[in-house]
Each structure stands twice: as C-alpha cells, then as structure tokens.
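These notes concern the structure reproduced below.
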Amino acid sequence: MTEPSSTSSPLDLGGRTFLDSSELVLNMGPQHPSTHGVLRVILKLDGEKVLGTECVIGYLHRGVEKIAENRTYAMFNPYVDRMDYVASVSNGLGYCLAVEKLLNVEAPPRAQYLRVMMTELNRLTSHMVWLGTHALDLGAMSPLFYTFRDREEALKIFEKYCGARLTTHAFRIGGCIYEAYEGMDQDVVSYCNFLEPKIDEYEQLLTTNRIWVERTRNVGVISGAECIALGVTGPVLRASGVKWDLRKAQPYSSYDKFDFEIPTGRNGDTYDRYLVRIAEMRQSVRIIRQAVAGLPEGPIMAKVPKVLKPPAGEVYVSIEAPKGELGYFVVSDGSTQPYRIRVRPPSFVNLQALDKMVRGQLVADVVAVIGTLDIVLGEVDR
Amino acid sequence: MSLAPLLRKMFFVDLIKGMAVTFHYQDPKEIYTEQYPLERPEIAGRYRGLPRLNVNPETQETLCIACDLCALACPERLIVIRSERNAASKRKELTTWTVDASRCMFCGLCEEACPTDCLELSQDFEFATYRRDFVFGRERLERGPEPTVYRK
Amino acid sequence: MLAYLQSYLSQPVTPGEAGNYVWATIYVVAVVIGVSLAVLAMNWIERKALAHMQVRLGPMRVGPHGLLQPVADAVKLLIKEDIMPEGADKLVFWAAPVMIIITAWTTFLVVPFGREHAVTDMNIGILFILGVSSLSVLSIVMAGWASNSHYPLLGSLRSSAQMVSYEVAMGLAVICAILMTGLGGTGMYLRHGGETAALGAGTLSMIGIVQAQAAQGTWFIFKLFPLGLAAFVIFAIAMVAETNRAPFDLPEAESELVAGFHTEYSGFRWSLFMLAEYSGMVAVSSIAVTLWLGGWLRPFATWHGPPIVIPHYWQGGALDFAASLLPALVVFLLALVCFIGVARMPKIPVFRIQAAGLAALGGALGLVGLVMLAPPVRDRVQDVFWFAMKVAGFMYLFIWYRATFPRYRFDQLMKVGWKGLLPVALGVVIVTAVVGVLR
Amino acid sequence: MEERRVGVDLKDAKEKAPAMPPPAEKPVVPAAAAPAKPAAAPKPAGPVPEPWNSAIPEDLRNRFGSAIKEANTYLGQNYLLVDRAVVYDVLSILRAEHEFDYCVDITAVHYPKRELQFELVWVLYSFARNERMRVKTQVKDGEPVPSAVSIWPAANWLERECYDMFGITFSGHPDLRRILLPDGWKGFPLRKDYSILQQDQDWVRANLGIESGQ
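Protein chains in written order, with my numbering: chain A, -18 to 363; chain B, 152 to 303; chain C, 8 to 446; chain D, 111 to 324.
So, in structure tokens, the structure goes:
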C-alpha cells in the first residue's frame, strides 16, 4: 500500500533541500475526533489530495476468539456483545444461532419473533448512532443529539426487556430467557409511532441540504462489483446497487415471515449509503410493527440441556447485522467449551474498502468515508 | 434544471427547512437532559446492576446455600464463595461471598444459575468510590444499594 | 481640564473628529471592554442557544443557568500551563495570537455604534476595516506555520485560501452599498453635520454610510429592491466564511483537522484566538449592520408619530418617545427575567448563593434601567442600543447556522466563493451602477 | 508440539478435550427438540456429515481426483477438504466457473496433535446461486499456503489476520504483516499452545522488572 517516497524522506529536515516536493504523511488517529474510536489511518497526501492510505488497527484488540476457547458456550455469550457494542443484540443473535445450529435445535416461534423485534430495534439504534456521528463528522452537530435522544427511548425498551442498555446479553442459546415485559407491545408500537416523524426530521435537516448533498454525492464511490470483490456487505453493498440482504437471501429467525423491502442505491456513493440506511430504518420500523402484531404465544426457550455439549463438528452461521454480514464459525470438539470460534466481523472487512474509496479524494472525504462505512472499532479489532 | 428546483435553490429553501427544525427545538420543553444527581433516572425492574444477596426477611438469615453454582457460571470467575460444614446441622453454611465489581460485566449468568432466590442483580448502578476496593463482600451486598441522596 | 472634557459632550461628533484625545482614549477603553464583554456574553449565549437547539441544557452548574461559565472558562484558560511545542518557531508562535487580537480589535476604531459613538470617523472607514481585518489571515498563517505540525499547517493553508477568496466577493458587495450612498440626491457625504460634498459622490465613511441611509429614508437592504438584498445576502454569506464559522469553519474543522490552525495552542494563547474569532464576528456583523441595516437607526426611523409633550422630559413624536424608552424597558425586562429565575430557583441551601447572585444581577440591571431613563443618558444610549440589537441578531444567526449546517468541503467552498458568489456580486455591482446612473 | 495448558488458568480448562474426537455417542440433543432444518439428520444422535452430491464436487473430483479428500454436508452446510497443493486451483475454479464471487471469510483452526496442524477454512458465497460453501485444507506448521488475494481482493486482510493469529504464511500475499497485533509481537495467539499467562509474565518481566502476580 505504501510506495517509497519519491525523492527523500519527508522527515529528513536536516538536509536543507529546497523545493523538495515529497508527500505529506499525515497520521489520522488513533486519537482523532472522527476516526470513530481508535482507528489510525496513515494518509499520504499531496496537498489535500489523498494518494494512499494505510489503516493501522488493533488498538482495541482483546482477543475475543482466544477468550472463547476458554469459556463454555453459555459463558461466551456476553462477550460477543462487546464486539460491535452499538449493535450488541445482533451479535448475540448471530452467536446464539450458530450454537443452536451446532446443537441442531431451533428457538421456538415466540422467541424468534422476540429476537426479530429486538434485533430490528437494535438496527435502528445502530443506524442512529451512525447517522449522528456521520453527520457530526461532516460538521452538522445537531443530528447527533437528535438521534441519540431518540435512541435513548429504544435503549429504555432494551433496559426494560433484558436489564441492560448497551451490552444487552438479551438472548440465550436455545431462545430467549426474558419474556416480554408487561406493556412491551405498547412501548414498542409507541416507539415506532414516535420514531417515524423523527426520521422525517433527520431527513428535513439533511437530505435536501445542499451542503450535505455536496459533501456526500460522488464521495467514496464504489461499484457493486468492487464491493463483492472486497467482501463489503451490508448497506454499503446495497447502496452500490446489489440487492442482497441475508434476511431475504437466507432467512433466519423467521425473517421469511416478515414483509419488508431491501432498499438499494444506484451510485454507490456516500449519499446513496445515507439514503439506504435511512430507508432501512423505515423498513426496520415496519418489521418491528409486524413482529409486535404477530407475536405468537408459546414457550420462549427450546429444550436445551443445562450444560451445553454440542456434538463435534463445525458450522458457519451468519446474519445480517446493521453493518453487514456477521458470521460465526464455530468448531466444537464435543466438550463444553468451543474448540474455536471465529467471528467474521463486517466492520473489519468493510474497512478494507477504505483505501479504494478515498484514493484521489480529499482529506475531508476520508472523514466522510470512514463515517459512511459505519465501522465500530470494537468489532474491527475484536 | 427546471424552474422549481432552481427557485428553491435560489431562495435557500433547503437550508431554511433545516433551520426550521433547529429553531423549533429551542422550546425549553424539548430539552431532554436529565440533571442526574438531582433527577434520578428511572431504572427498569430487570436492570442488571450490582449483585445483591437476599436474606430471609423474617429470620434475617441468608438464603444462600453455598452451592457454588454462581461462581461456576461466572464467565469472569470473579465470585468467590467460602463455606464451612456446620457440625451440628450437617449443612454447608456460607462464610464469605465476594464479587469483584471492577471486573463484573453484569451479564446476569450468576443470577440465572442461582437455585434459590438469594442472588439477584439489583438496580444499584452507583458504586463509584474514591478507593480501589471493588471486591464487595457479603455485608455490602446484603445491605443493598445506598446511593447518595441529593435533595431537590 | 473639566471644561476640556465637557466641551466634547456638547459636540455631536465622535471624539476622533473633535480631536479630543482624552475622550478618544475613554472610547477606546470602552470599546475594548465592551467587545470583551460581548465576547463573554456571546460565549454563554452560544452555548445555551446551541444547547437548546440540540435539546440539551448547556452549562447549568457555574452560577445560575451557567451564567458564570465564561468567567470560569476564562480563569481556567489563564491558569493553564503554557505549552509551546518543541519544534515550534518560538517568535512566530508567540506573535501570531498577539497579532490576531490586535487586528481584531483595531477594526473597532471606526465602527459607529451611534452618530457620536465611535472612536473616530475616517473618510475611508470601510476600506480601513476591510484592510485591517484581512490582516488576520496573516496571523492564522503564522500560527499554522509556527506550530510545525501537519494539522495546523493544513488548517492555515485552507484559511488563507478561504479568506482571500471570500474577501473578493465581500468587497464587491461592499462596493454595492457604497454606490448606493451616492444615490437619491440627498444622502451625500454628511461628515460635518450637513456639510455636503459633491452631489452623487458617495462616501466610504462608516458614519457617512449610515447617514446616507437616514437621508434616503431607507436601509440599503431595501434599496433598489432586490439589488440591496442581493448584495446583503452575498455579504452575509461571505462574512460567515470570513470569520471561519460554520458552515465554512474549514480551517478549524474539528472532525478533519482536529482544531485546525490552533491545534497546538492552549491556555491563554488559545483564548486570544477565541477572543479574536468572536470579536471578528462582532466586527463583520457591525459592518453588515452599518452598510445594510441602517446602523444605529431604529426601524421606521422616518415615522415620528403624533407630537406629545411631557414637561421636562420629552417633546416630540410619540413613536420617537416610545423608542427612546425601549432600551430601558429591555433592561427592565432582563431584570424581571432574573427575578423570575430567582423565584424559580430550587429552594435548597446549595442554591442560596446562586439565587442571591441572580437577584443581585437583577437589581443591578434594574438600576441601570433607571439610569437609562434619565434624559441625557436616554438620548445618548439609544443609538448604541439599536446597533447592539442588530448585531445581536447576526450573532444569533451565527449560532443558528452552526447548529444546523454541515460543513463544506474545501474545494466546494472555493467553488461557492469563486463560481457562485463572485459572479453574482459582480453582476449586482454592475446592475447597481447602471441603475444608479440611469435614475 | 507438546500440549500445554491453554490460556488463563480456568477450572474448565482441564477437561479440554484432545483435538476433534469422534462424534459424541450419547444423544446430547433431547429428542423433544424440533429438527431444525430439513437437511439436518432427523436422528436424535449428533448429526454426521453426509456426502455432498452436487455438480461442484463432481466437477472438482473430475479435475483433481484424489486431491479432493472430502466433499460433505454437515447440518446443511457444504464443505470440501482439499489438498494444499491444489487449493489455489480449486479456489480459482470456484471463483471463475462456479460463481463463488464473494470470499466471506478466511480463517484457521489449530490442531496441535495432528501432523498437519492447521486447518484453513475459506468460507465462500455465490450471489448468483445464493449458496454458501467452505473449502478446507490442512497444512503443516511453517508450510506456506498460496494466497487468494489475486482471486478475491477481500482475502488481503483476512489472510493477514490468519498470519497474525496462527503464523500461517501465505505465498504471494502482497503485504503479509501483522494486522491486529503490534509488529514486534512474539508468538501467534490463537495457536492452542500459546499461553496467555506466559505472555503476561514475559511482558511484566521485560517491562516492569518484577515477577507477575498472575
């Protein structure tokens, strides 16, 4: 990624060379207001034009996969929340589905509907964090506060449902352990009613705003083919025109029973990704409404033994997390502890596309593209 | 470009629409901030805070039977239980029960493992201290939360 | 000496024109203090207004409703460690904040807060302001260069390009206003109380421009509608860019360049930059007010209302009378707000000091209001009041923009400046000139 | 390589089973549990891999013969176990001819007791067929594996992570460096014989000059 500098090292100031036109190497991060955590991007600049980037990651590496090998299946469940901490419910869902697949059990329908409801609420909160921070990166301060205020209401529902707001640990292997609390359906429906006008408000602030449009249109363009080649998934892929969503393509957790659409973009630029995510929020609201209306009665936990000992074997199960395809590759050796758990983090793979997307653009676009990729460093570094 | 968008652009309609949003939010009724110590946050009943050891309200005896299940369920292994066999009743009796709150991630697995109603994650979320003793013992956990009360 | 001092008070001109150095010095000190106070107040208002627009409360702890927050901040900044990066060019690093504050304050020499409330009146007043204020770009470049760091360097380069390009559009918009001073036959160069220069010559004097508006009976924003308005809009956009405020705050674009040209500055030096930024905002708003919004003139200044007479107090139009009471009434209103705040303060011991402080502030404001009712003060304070109100309106706009808009990218900013504002401004100037000649 | 205690000292670590024992005999899943997928074995006993009958393994078997060691379906998920020598060709054929255009993941599993210690796994997906499969190969420690970056650019970071965590080298990779761990890191953490405790003690000794209390 980094070619050697053309004439001399940019750090060599002692040589008194005049008119030395070497590139400017700018270290963006790990402490930088808009690298969303501890991402460090080494930018090679010609003026403000980006000639190349190199991502330095791993500042938040906690060895989640190693931890997994030393915990039982049930014990590892809370740890997955800590990867993509703004979408912890999705992480938990993916993990539970993977272990359930290995155990060859399926959660009861009521649990599946509860899971759908929670994951879609989580998709909303995740997208709201994205919108707020992305807008803040591009200089619009207020959406951050509006989205965080509206996200707060969803977090309150999380808190009432499973007792935690962020790292929820909402599901257990085999279903859900928490029954819907009294009045949850009203809470969720009133949240949907509350949120829909708020989404309009975000759009009123940004969608037609000429500055927003100029800052995002034709910025960080990536085509559908490039996305596929780079393994980029989620809203980024859909904004490039590839109509692919695991919830439709390989439905899990009763998603096939829900009626929703996959919003797609055309140009694959930052503006389209913005529109796609906004549309996804509306679709999520739609799914949540259906989940509340169609919540079946019945048990919420499949019959699983207290001590989980999946038969030896390996499975790969993936779900559509808010950031893209979140996969778990679980290898069991028949003991109580997983032999190996591999997490396929969407943020990590999507971040690879950064270099492709910002090359030849300006420093300000790097910020826009990092924001639009919607990475969470907890997940990138694990 | 047709006329309408051009006019909209000329008269800054897009910008004014956004400014209308920010303007109407100036209404003090819209303020969302909670002034935390003065205004207490509403904590849900299922909130997973600091563990609490319940006691029998009549006899004030602990409900813990020192079965060690919570310690085994804990992913971080931060619950330490010591018990001794009571020679008279032949029953295991709890001596110490500690939790290292600095490492606890409030996952609730211990609560689920508890076969009695003893261990429960309480609504206590305020355990910041000026000292580094996060290993809470039985006394503190049985007593439950004692948040600083700020009068309004 | 006393006579020397009093002799000025009877003259309806600025101390500079009267040649009264003592009063000029007093005015300079008053302007510096006033601007600093305005910056402090602006600091608080910006935080509060921005917070409310963003559904938060803003500062609440230091003083009632955080009123003393700017003071606390100032104290904090003053006692902070003074850090100078090792690789910095020491002299330039030191000189940049000093220079920026000097340029920011020098512009206020010719800003007319009222007919006689300016340090002096120059016959090239507006040119002087534009010239001096563009020096601030130099200190920004100095700051960026001296820091010897990448982010400040990029920020200062952006800033220099931005300020230079927006000054062009700004200057053209100003020319438009200057052309308008020469229109209408009566609004001539009225520098010395009605003494007129050649017909249709126009003026560059800040006071002269306002007097031209008074004489023509209209603010220039409404003059030759929509030409005046167009020029005003151009100026209003350019002045936001000129002061590096959102949505044109690229030199200090937080999310890209950390803090832009003052990344390496902290403590007192940083506070000078902050002070200069806000003074700059006041300065450009003052220019806009002077050029287009009639300066110190009150709205509907040509309407006087039916004549009324109050013995020993007032003789003249009823509307004029109402307007003359307005400043005092506004101060009373503020005092009332303070007292309501005291009444609504939580009744607990912790808040007793705050309540007392707020009550004292309310009382002081009430006293000031009473003083402002006295005829000599009443008549002198009016101009300043209207001027301040108009500037405050602009300040609010600055906050409002900041709360609402995303930030332009650098090349887009240049595009807006050179491809958008500049041609329009040129067109407006030409049309204004043509219309002016044809009339 | 000798088997050592893995990771932090945990109670359960003692019953860490040897690598991949035969499928559990006793039924772990209760009979009451509903069968999940039609593809899954309906028997209550742990499901066993079944042969994967499809055009893809057939085609590959025709080309590579015995180098395709296994082609199975486990719980409805297809996988191939191929020889290291042909893995690059298999992957490029899958990409070029069977439309597996999306490389989902590349990872590895360490079996320290086997001779071919590492099992590399490529998770592939085809947008056109809406189908997922895994390609596996087994390599010795230190044996290079051909890099798939030329097939899927996405493989770049995934292979770097594999190298970082397992020490598997990929020949032909454009920029094979550590990615998550710092450049000077010693050891490969996701190997089963990598002890976190050892790591911690070494670090404390080197940087603090004291014995670690762990």
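All residues carry an ideal CB built from backbone N, CA and C; glycine is no exception. Model, not experiment: these values are computed from the prediction.
Counting only the Cα atoms, Pro216/A lies some 28 Å from Ala218/D. DSSP places Gln187/D in the strand class (E or B) of the three-state scheme. In terms of CA proximity to Asp303/D, Asn51/A leads the group Asn51/A, Arg340/A, Asp346/A, Val312/A. Tyr273/D has its alpha-carbon roughly 19 Å from the corresponding atom of Asn331/A. Just measuring C-alpha positions, the residue of Glu87/A, Pro178/A, Leu78/A, Thr245/A sitting nearest Lys284/A is Glu87/A.
Assignment of Tyr415/C by DSSP, reduced to helix, strand and coil, places it in the coil class. Distance from Ile322/A to Phe57/A at the Cβ level is roughly 7 Å; contact confirmed, criterion being Cβ atoms closer than 8 Å. The CB of Glu263/B comes closer than 7 Å to the CB of Ile158 in chain A, given here in chain order. Taking the Cβ atoms as the reference, Tyr235/D lies roughly 7 Å from Phe210/D, within the contact range of under 8 Å. If you check each beta-carbon in the region 109 to 122 of chain A against every beta-carbon of chain C, the ones closer than 8 Å belong to Ala116, Leu117, Asp118, Leu119, Gly120, Ala121, Met122. Using a Cβ-Cβ cut-off of 7 Å, Trp232/D is close to nothing in chain A; its nearest Cβ partner there is about 11 Å away. Counting along the chain, Gln220/C sits inside the alpha helix (DSSP H) bounded by residues 213 to 223. The beta carbons of Trp393/C and Arg252/C sit no closer together than 7 Å. Among the residues facing chain B, Thr189/A is included, as its CB has a counterpart in that chain under 7 Å away. In terms of Cα proximity to Val312/A, the closest of Ala181/D, Ile203/D, Leu230/D, Pro161/D is Leu230/D. Within the region 203 to 281 of chain D, complete beta strand (DSSP E) segments of at least 3 residues are found at 212 to 220, 228 to 236, 241 to 249, given in chain order.
Secondary structure of Met129/C (DSSP, three-state): coil. Between Arg199/B and Gly144/A, the C-beta spacing is below 7 Å.
The C-alpha of Phe257/B is placed about 15 Å away from the C-alpha of Ala279/B. Cβ proximity to chain A below 8 Å picks out Tyr212, Cys213, Val214, Asp215, Thr217, Val219, His220, Val231, Val233, Phe237, Asn240, Arg242 from the region 212 to 243 of chain D. In its chain, beyond the 5 residues on either side, Thr249, Asp251 have a beta carbon closer than 6 Å to the beta carbon of Val286/B.
Flagged as an interface residue toward chain A: Trp267/D, by a C-beta distance shorter than 7 Å. Leaving aside the five residues that flank Met106/C on each side, the residues in its chain whose CB is nearer than 6 Å to its CB run, in chain order, Ser146.
The beta-carbon of Met256/B is placed less than 7 Å from the nearest beta-carbon of chain A. Using a Cβ-Cβ cut-off of 7 Å, Asn331/A does not count as an interface residue toward chain D, since no Cβ of chain D sits closer than that to its own. The beta carbon of Thr173/B falls within 7 Å of a beta carbon belonging to chain A, placing the residue at that interface. Within the same chain, Cβ atoms closer than 7 Å to the Cβ of Glu88/C are found at Gly274, the five residues on either side in sequence being excluded.
Residue burial is scored here from C-beta neighbours: Leu186/A has at least 16 other C-beta atoms within 10 angstroms and is therefore classed as buried.
The distance from the Cβ of Ile243/A to that of Leu290/D is about 32 Å, inconsistent with a contact at the 8 Å cut-off. By the beta-carbon neighbour count (other beta carbons within 10 angstroms, threshold 16), Arg239/D is exposed. The beta carbon of Arg63/C falls within 7 Å of a beta carbon belonging to chain B, placing the residue at that interface.
Here Arg325/A has Gly308 as same chain residues with Cβ atoms under 6 Å from its own Cβ, once five neighbours each way along the sequence are excluded. Contact with chain A is absent for Asp268/B, since none of that chain's Cβ atoms lies less than 7 Å from the residue's Cβ. Chain-ordered listing is empty here: chain D has no CB closer than 9 Å to the CB of Ile300/A, the nearest sitting near 12 Å. According to the DSSP assignment, Trp226/C belongs to no alpha helix (DSSP H), since it is labelled neither H nor E.
In the DSSP assignment, Met282/A forms a beta bridge with Gly156/A.
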